[in-house]
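Residue numbers (the numbering used here), protein chains in the order written: chain A, 10 to 493; chain L, 302 to 551. So the structure is just underneath, and the comments pick up after that.
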Amino acid sequence: MAADYTEEQLAEDLKSKEYKYGFVTDIESDKAPIGLNEDIIRLISFKKNEPEWMLDFRLKSYRSWLEMKEPTWAHVHYPKIDFQNIFYYSAPKPKKKLESLDEVDPELLDTFKKLGISLEEQKRLTGVAVDVVMDSVSVKTTFTAKLAELGIIFCSMSDAIQKHPELIKEHLASVVPVHDNYYAALNSAVFTDGSFCYIPKGVRCPMELSTYFRINEANTGQFERTLVVAEEGSYVSYLEGCTAPIRDENQLHAAVVELKAAKDAEIKYSTVQNWYPGDKNGKGGIYNFVTKRGLCEGNGSKISWTQVETGSAITWKYPSCILKGDNSVGEFYSVAVTNHMQQADTGTKMMHIGKNTKSTIISKGISAGKSQNSYRGLVRIGKGAKSARNFSQCDSLLLGDQCGAHTFPYIEVENQTAKVEHEATTSKIGEDQIFYCNQRGIETEKAIALIVNGYAKEVLNKLPMEFAVEAQKLLAISLEGSVG
Amino acid sequence: MLEIKNLKARIEEKEILRGIDLKINAGEVHAIMGPNGSGKSTLASVLAGREDYEVTGGSVSFDGKDLLDLKPEDRAREGLFLAFQYPVEIPGVSNVNFLKTAVNQIREYKGLEPMAAKEFLKMVRERKDLVEMPSDLAQRSVNEGFSGGEKKRNEIFQMAMLEPKLSILDETDSGLDIDALRVVANGVNKLRTPQNASLVITHYQRLLDYIIPDFVHVLYQGRIIRSGGKELALELEERGYDWIKEGAEA
């Protein structure tokens, strides 16, 4: 798809003012009754035929969630969420084991086509293994067999619980404990699927692993769980993309992603987040309350987060790195775009524990319309983190005069040998830049897309090729109608 | 090609152009000279369509079209090019990508297909050589970190790529040393054809040693107070502006 994407198509895409992933797929689904209590959790666990330890895990999580309070410190505002008015289990029917694509519901295949991911194409051409999670249930994982030859496990979380219980028991919630925060606890109690990825010692995963998440049903929450474990000396690049139909009501997405890198292992995790952002007046849209954390457990390990956030009514998300191993490296590259009434509070945490640990933070915020865009980041250098280094750069770009950009950097240093640098800039797209483009024959909307992509280039360059093209397109579309 | 009649414009409450008349035919090079604050750059900005200026009277026809009625991008697409006095930096956007977007937007306006990548890159190579543009400048972000001379050279390179009918050079010589000036002027001369025209705005006669004008106009207090051939520029160099000003004020 990347190769034959042309400028005309971009122009076409720019013309469609509406969120283009807003279709609903008419697939019968198997839903649990609305609301949340211990019986619902038992039902989810039963439907998924889970072992008892998994049910215990869920109930324990649920009980800690009951005692916790919703966080209110983020720079976002929204009406109180009624957690009893959400469906916690919704699976596309019929659900049976799928051996080939022919067995996939044609409606569903059609959905993938609209999403621009044709599984057949992907299988043949790109060599990307895709796990598709729709309404929290993993539909199909491609390429499993080929990966298995290398000892790589890439499957849905449900399958992993059935087939690899020892790995799940060992690693699940080892990076994000169930009581870590309100939404992580909720996720631990009710998650219905997600992806699991395990790279054995010394193996370099030969292809990008990819998951697409989609919320389809009305009033459903999406709670997926992702766990990536990279053993000593291994490497994996993992991509996730997300979309949802246009709905007037808000929908909740509370995912947890855990990454674990052993000695000299490297995990690269890229996200293009395009949940439905709500309409111009702020009606509808996804509440995206996500906990993502990576543990650089072994010496010399590396975890790199790259995110392009264009969707969601509200984003609350801080992909973090715990740099425990000596000489471990954490990176965070982010572009967050907000337009109309969107609100984003996003950033990262870099926790330096080991010696000579290094972290880099590059955050590019772009605000337009009446949106609010905040960067919130913590760099913490622990007592033992001798000669730790951090470099942070937080840039904000404003379009128009009704939006807001905010930066909340927190720096805590307990070791004198550490070196921490923080740079921040705020700029506006200049009238003179737009006029300069106009004078060369470039219309204003295209000029803005050009300027914004230039501004975000440092981050976009970190994305795998096929994602970079999609991300560029998304940036342009997200900012449509933001000037005038 | 361009016919300006009694053009008046102001910025905020201040009237800057107070009735300009000027006619430029294809194949001609016109120079506009004048002391600081006489309205030279304002004229360039008004023709290009900068929003800060309000046109309060007169008309401008460009190839039979009402120029003042067109959006800035459509003026450019019709073939009007402004080489900026202060070229703008666009970080992260490569010159080549910028020009490709511009070329294809202009082509789309004219109902042409976008230019094939291969053809475009060939054109970049040719035009780059024509204006003695170093290769790395074409690949770098638009004007970012360019020296003053490099920025001006880049303006001429863009002009070569976009093939305008009318090029307005707004004080392109300001801030250039003699070598850079020669390179820029050579570029302009090479691009000269019987079908296009140039309007060279300058403070000094120096540039006109290299770009030989067919007509020279003196702008003072928002009006053209004298027009002549290239020898007028030499006379101004020798005698300054005062003798004409006196004539105009009298």
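We put the CB at the ideal spot given by N, CA and C, even for glycine. Given the structure is predicted, the values throughout are model-derived calculations rather than measurements.
For Lys437(A), the nearest beta carbon of chain L is not closer than 8 Å to its own beta carbon.
Put simply, of Arg408(L), Arg524(L), Lys309(L) the residue whose alpha carbon is nearest the alpha carbon of Thr357(L) is Lys309(L). Taking the CA atoms as reference points, Leu459(A) sits about 34 Å from Glu304(L). Listed in chain order, the beta strand (DSSP E) runs fully inside the segment 307–362 of chain A are 311–318, 323–326, 329–332, 338–347, 352–361, counting runs of at least 3 residues. Excluding five sequence positions before and after Tyr542(L), the CB atoms of its chain that fall closer than 8 Å to its own CB belong to Gly335, Pro336, Val519, Tyr521, given in chain order. For Asp39(A), the closest C-alpha among the options Trp62(A), Ala100(A), Asn46(A), Met77(A) is that of Ala100(A). Under the three-state reduction of DSSP, His180(A) is assigned to helix.
DSSP places Val299(A) within a strand segment (E or B) once states are collapsed to three. No residue range can be given for Phe385(L), since it is assigned to no alpha helix (DSSP H) and is classified by DSSP as neither H nor E. By the beta-carbon neighbour count (other beta carbons within 10 angstroms, threshold 16), Ala349(L) is buried. For the pair His361(A) and Ser372(A), the CB atoms are not nearer than the 8 Å cut-off. Per DSSP, Asp404(A) lies in no alpha helix (DSSP H) segment; the continuous beta strand (DSSP E) that holds it begins and ends at 398–407. In the structure shown, the three-state DSSP call for Ala270(A) is strand. Of all residues in the segment 396–407 of chain L, the ones placed with a Cβ closer than 9 Å to any Cβ belonging to chain A are Asn398, Phe399, Leu400, Lys401, Thr402, Ala403, Val404, Asn405, Gln406, Ile407, in chain order.
Using a C-beta cut-off of 8 Å, the segment 406–422 of chain A makes no contact with the segment 445–456 of chain A, since fewer than three inter-stretch Cβ pairs fall below that distance.
Interface criterion met: the Cβ of Glu452(A) is under 8 Å from a Cβ in chain L.
At least one CB of chain A lies nearer than 8 Å to the CB of Phe385(L). Membership of Tyr464(A) in the alpha helix (DSSP H) is indicated by the continuous run 453–464. Here Glu249(A) carries a strand assignment [DSSP, helix/strand/coil].
Short of 6 Å from the beta carbon of His262(A), and not among the five residues preceding or following it, lie these beta carbons of its own chain, in chain order: Gln231, Ile295, Asn297.
The straight-line gap separating the alpha-carbon atoms of Ala157(A) and Gln93(A) is approximately 41 Å. Taking the Cα of Ile317(L) as reference, the smallest distance to any Cα among Gly523(L), Ser362(L), Lys419(L) is reached at Gly523(L). When DSSP states are grouped into helix, strand and coil, Glu539(L) belongs to the helix group.
For the 8 Å CB-CB criterion, Met416(L) and Asn398(L) do not form a contact. By the criterion of at least three beta-carbon pairs nearer than 8 Å, the segment 474–483 of chain L is not in contact with the segment 417–426 of chain L.
Counting along the chain, Tyr71(A) sits inside the alpha helix (DSSP H) bounded by residues 61–75.
The beta carbons of Leu400(L) and Gly488(L) sit about 15 Å from each other, so the pair does not count as a contact at 8 Å. Against chain L, the beta carbon of Phe476(A) has no neighbour under 9 Å; the closest one sits roughly 18 Å away. The closest CA to that of Glu430(A), considering only Phe163(A), Asp441(A), Gln402(A), is found on Gln402(A). Along the segment 39–58 of chain A, there is no position whose C-beta sits under 8 Å from a C-beta of chain L.
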